[in-house]
Amino acid sequence: MTAHLKQNKLDKRNVLDGMQQGIIGKPISRSEGLLKVTGKATYAAEYHLENCLEGVIVTAPFAKGRVTVIDESSVMEMPGVITVISDERMIARAAQGTAGAAPLQKACDVDYWGQPIALVVAESFEEARNAAKHLHIEFEVEDAIFDASEVEVEPQDGATQQGDLAQAMAEAEHSVDISYTTEGHASAAMEPHAAIADWDGETLTVRASLQMLNYNIGELADSMDLDESKVRLISRYVGGGFGSKLGISQEVVAASIAAMQLGRPVRVVMSRQQVFQTIMRRSETTQRLRLAADANGRLTGFGHEALVSNLPGEGFAEPVTQSSEFLYAGENRLLKIDIARIHRMTAGSVRAPGEAVGMPALEAALDELAEKAGIDPVELRLRNIPEEHPATGTPFSSHKLAECLQQGAKAFGWDSGPRKPRNRREGEWWIGTGVASAARVHIVSQARARVTLQADGTALVETDMTDIGTGTYTILGQIAGEMLGLAQEQVKVELGDTRHPRGSGSGGSWGAASVGSAVFVACEAIRAKIASQLGISADMELTLKDSTVSWDEGKKSLSDIIDGKDIAREGHYEPGDITEDYAASGYGAFFVEVAVNRWTGETRMRRMTGAFGFGRVLNEKTARSQCLGGMVWCIGSALTESLLFDPRDGHLVNCDLAEYHVPVNRDIPDLDVIMVEERDPAASPIQAKGIGELGMCGGAGAIANAIYNACGARMHDFPMTPDRVLAAMPDE
Amino acid sequence: MTLTINDKEYELPSDPRVSLLDFIRHDAGLSGTKKGCDHGQCGACTVIVNGERINSCLTLAIMHEDDAVTTIEGLGTPTNPSALQQAFLSHDGYQCGYCTPGQICSATAMLTEIASGLPSDATEDISTSPKLTDEEIRERMSGNLCRCGAYPNIVAAIREVAEAGL
Amino acid sequence: MKPFHYQRADRLEHVAQLISASGAMAIAGGTNLIDLMKLQVETPDTIIDVNRLPLDQIAEEGDGLRIGALATNTATAGHGKVRSDYPILAKAILAGATQQLRNKATTAGNLCQRTRCYYFTNIDQPCNKRDPGSGCGAITGIARLHAILGTSDQCIATYPGDMAVAMAALDAKVEIKDRAGNTRSIAVRDFHRLPNDAPEKDNILEPGDIITGVILPAPVPGKQLYRKVRERSSYAFALCSVAAIIDMDEGKITRADLAFGGIAHKPWFDARLGELLVGETPSLSLFDKAADLLLEDAHGFGENDFKIPLTRRALAATLCEATGVDA
């Protein structure tokens, strides 16, 4: 039986707060944690299947053109080689998030350097890898453009134009007009993309590392021209996603074709270099920020324009201005995104698409405005929090930016006195502080989950939702346990298998609120069933706690009520009118202290505080970890992360973890996380919003502002590597 | 010719190309040790060989005749986790879990290194024995990337175990 | 990885013969060689495992210290005598790589470490070092990591290591046994080559040569500093590095042994710097003159232009720290 909730209005019942089990929100350790810390959690490539073959992908050593010959005979005599796959079904690009259908196929038509074009299958990995290096291919190369500044741009739909920004700038008491650049980023999840495909003549089962099985099944079925009922995807543990595993990627389809052709399981794991070269990048951006303010620092004009890039034919454009739409006031507004079609690998979602690069620019520009206006940057932000969505007039649901700025400033010890650079030096290090706001639009999606109250008094939660490190296993257990009066250990959560009801997928920070609501809806239905069994009109009259149901006139153990018969309900949650009626978003504030070396321009983080409001905290421990992760990404994007492309042939030169610098442990100082208490009735029936991305929305701007405060270098180009800081640093 | 992994003997592979990492994951079936980059750039494959932590991806299995290898499975089990495994759990010193076995193997060996007085880049005066500061832990754990960003919790977990002298 | 024969050398006398065979390479820690073999940048027919040779000793020799070719970086950096008398060497080693890598990396292997140039490690790109005559991808490509001194029109790669930079400052000697069994020694300062028109040759080793150890001379008085400028605070190759042994007497510099990493095909040693600095009273303007001398022939390739001012500043910073000049 399915219980359905389409949320058309605010849910102010706060049902979870009325429950008695007392586990929701608590800092419970991850339910799958012991498996992870002991090496017993099984990731995609780690299943031991009898007779499994190994496939290694061959990629194009050119950026645009056509593969004319793939000479299988060049490797077929090599030891262990079974076959070479260069099937028309092989996908040329990974699917964008939520595509649900095959991405571009026909891999022999090449659009970017490193595009997979063939798969060599052999008995062992070493045999396949060596043969892959020897596969003879011939190709015709065409000219291609690799630099966004060299092509005519296409304006994206959805631009905001309101009032007259130019006039507002001209009349402003204080204004800034600054250009920023950000470089491309890679998700660089620690687990490389991997798949083991197995065809039993009836069903294609693929164990893969994917974030959104609910969409991935359609993408794979469509690519293989199979009915979805013949496809099963399993992703029980995913070694990080960050957007890179939203859609199926090339190894999933290549392994599937090989397995179906050979009748043996085939494992394909991308090399780290291939992950860098073929999986979604975050587009580089060029941005122009125009802010106009009156004498009191109140914004009268707000302009944010961006140029991003993608391959021809891709619908995705880095949504740089997403938070700029609503974060600050200013009646004269211009927000637009242009896209340039160039031949670098597909641009797609990388953690906090849009905000991750748009907000640092905005928050850095705001710092320059604060300086010009002589207003403390925290105060400037507080003065510009709008009453309602500044473009659409839609009311905000729950809005914690002011609280985050205030609580963060207090915890950090923010000095609101006059600010000037080079005020503090320790040895050869300039010390400075900076602030930035955070905002990430709240998104929910439909989701289904089945909850079964089992005869033994435990509960089982099943959905094809994934846990990519976010804590889904744990929080779904907490929601079900809280609703059904069970201890965390009494709820078993099974995820990552398309045999289960379709969840929401992990992405866009919507997983917890969406699939959590589906579990909630299912539990409400189970509670209603219990109530009706007891002859009680409403389930809210029941108290479920510690496996016991009590009500006004009685008390009964859950197992007595179940009486040997499972109670199973599928919860189906759908966002309704509420998403149009209210502008819901997570908010936050970052405060950082940096040290900048006066000789070398090296920047080292000293401390960082993040205060965030994202609705109900479902698990204080895993939510805090999500915030920490976001803050670490802020540091990486601020200081070190940058994809470097060869200007002549478009290949990614720093395609490994030695030269693409994700932060190491020593780069990260003490991070202080404040979770601001909030219940958002517009967000979801569990009053929770997303947290996976909020923590990296804007923090790099706070670091830029702190670098300026430390040493006087105004940074307009990210990442702020030592050479760039030195170039911007005024002489002492 | 054999090598020992977690006190169990294994025949060395016939193909000399097999890395110690692939041997552990594939031939020995111990998939707790992870392949993140295969080039010594991430630390996910860290195991302890004869008491020292190494990147198992950058060494050949065949070079380890008679060596004693300890992997994450050799440090503890879900029912009997080691102190560090328990501390990683309680401090949430991981998220996706993929770098975690490498982190824990690394941390296990690191505590021994500090105890033996081995200096690091974070040691103020390398003529003296290092102290167990957070900065020391961070530097010594910098060979293990964690893209989820669990670093502060990893440091907290290690600090707790070190201070308890477990 | 291309198939190869694996052979273990049990006795030093056999090694020369084994590695003289065409297509044979010695493997010690393997952290660089296996990395490159997986990329098919290196494709030996035979690898000779030398790890069981008795070359891992670190022992006093005369007034100096002998570090065996197979002593691990960890063993060297942790050695009491190195820490007390040659701290610059310990600091340089500890500034490089990670503990896991240093546990495997050896003295000889680290000396022979190949460049990190992105075009060298990508076999689908031209590289004169990997494939002589194919061209240099970096010169007009992305040259962020690359050299500013001693480049040629064939190659602008850098030697990426830290250990050898300190050894160059210390004026250590590399001890080499040749195919005939004769031992010779060569200064670390002269061990690596400039690329000139044969960038495929990183150093002066001839076929059949085996490094048996590195000899550090008698300890010298003075401050020993190793400053490594890098993007990450750990686990990153140097944008530039400075190894400095500086001694002072009565306000004047009496010793200035300087070597630089990350800016050339070899650890960069310029004897003129010592000559300029010794006998002088330290000052910012003096350090500037030293930088002028060091960098007079420096030129960048776009992406790495920044290394010229960065090296100048890193040198000044190091000399200020060593001499106490308050800048």
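Protein chains in written order, with this note's numbering: chain B, 979 to 1710; chain W, 127 to 292; chain X, 616 to 942.
No residue lacks a Cβ here, since even glycine has one placed at the ideal position from N, Cα and C.
Where residue i falls, given that 16 or more other Cβ within 10 Å makes a residue buried
i	result
T1299(B)	buried
A795(X)	exposed
G243(W)	exposed
T259(W)	exposed
Q1139(B)	exposed
M267(W)	buried
G1455(B)	buried
T896(X)	exposed
G1673(B)	buried
M1026(B)	Before going on, a small fix: residue 1026(B) reads as His here, not Met. H1026(B) is exposed by the Cβ-count criterion.
Of the residues the options, the one placed nearest residue i, counting alpha carbons only
i	options	result
D251(W)	S699(X), K843(X), G638(X), G866(X)	S699(X)
A1167(B)	M1258(B), D1176(B), D1089(B)	M1258(B)
E1066(B)	A1232(B), N1194(B), W1577(B), V1209(B)	A1232(B)
D247(W)	D625(X), G711(X), I819(X)	G711(X)
S255(W)	M267(W), E265(W), A241(W), S268(W)	A241(W)
T1263(B)	R1242(B), D1272(B), L1285(B)	L1285(B)
D786(X)	L854(X), Y701(X), I826(X)	Y701(X)
R1044(B)	A1085(B), N1029(B), I1035(B), T1020(B)	A1085(B)
I868(X)	E890(X), G877(X), A853(X)	E890(X)
R745(X)	I771(X), T827(X), G917(X)	I771(X)
A874(X)	M782(X), T755(X), D625(X)	M782(X)
N1274(B)	K1223(B), A1150(B), I1453(B), F1623(B)	A1150(B)
T1324(B)	W1177(B), L1198(B), S1302(B), G1075(B)	G1075(B)
T1046(B)	H1114(B), A981(B), I1069(B)	H1114(B)
P1330(B)	L1224(B), G1371(B), L1097(B)	Sequence inspection shows Ala at residue 1330(B); the Pro mentioned does not correspond to that position. Nearest of L1224(B), G1371(B), L1097(B) to A1330(B), Cα basis: L1224(B).
T980(B)	R1322(B), V1499(B), Q999(B)	V1499(B)
I1646(B)	I1669(B), L1606(B), G1221(B)	L1606(B)
Contact with chain W by residue i, beta-carbon distance below 8 Å
i	result
N1687(B)	no
N725(X)	no
S699(X)	yes
I649(X)	yes
Proximity test, Cβ basis, 8 Å: residue i and chain X
i	result
H152(W)	no
H165(W)	yes
D193(W)	no
S208(W)	no
L1462(B)	no
L147(W)	no
D247(W)	yes
R285(W)	no
W1577(B)	yes
N181(W)	yes
is_contact[residue i, chain B] using C-beta, thresh 8 Å
i	result
S255(W)	no
T234(W)	no
N141(W)	It should be noted that the sequence gives Asp, not Asn, for residue 141(W). With 8 Å as the cut-off, D141(W) counts as an interface residue toward chain B.
T159(W)	yes
Per DSSP, the bridge partner or partners of residue i
i	result
Y1565(B)	A1417(B), G1591(B)
F1220(B)	For F1220(B), which the question treats as bridged, DSSP gives no partner whatsoever.
E676(X)	G679(X)
I957(B)	Past the edges of chain B, shown from 979 to 1710, lies residue 957(B), and the structure says nothing about it.
H1550(B)	H982(B), R1426(B)
Using 8 Å as the cut-off, can you tell me whether the stretch 1483 to 1499 of chain B makes contact with the stretch 1415 to 1434 of chain B, which would need three or more C-beta pairs spanning the two stretches below that distance? Judged by pairs of C-beta atoms under 8 Å, the stretch 1483 to 1499 of chain B touches the stretch 1415 to 1434 of chain B, as three or more such pairs exist.
Is it a yes or a no for the stretch 1454 to 1468 of chain B touching the stretch 1423 to 1440 of chain B, going by three-plus beta-carbon pairs under 8 Å? Yes, the stretch 1454 to 1468 of chain B is in contact with the stretch 1423 to 1440 of chain B.
How do the stretch 1521 to 1534 of chain B and the stretch 1372 to 1391 of chain B stand: do at least 3 beta-carbon pairs fall below 8 Å, yes or no? Too few Cβ pairs lie closer than 8 Å, so no.
Take every Cβ of the stretch 133 to 141 of chain W, pair it with every Cβ of the stretch 679 to 689 of chain X, and state whether three or more of those distances are shorter than 8 Å. By the criterion of at least three beta-carbon pairs nearer than 8 Å, the stretch 133 to 141 of chain W is not in contact with the stretch 679 to 689 of chain X.
Can you find at least 3 beta carbon pairs, one from the stretch 1147 to 1166 of chain B and one from the stretch 1609 to 1627 of chain B, that sit closer than 8 Å? Yes, they touch.
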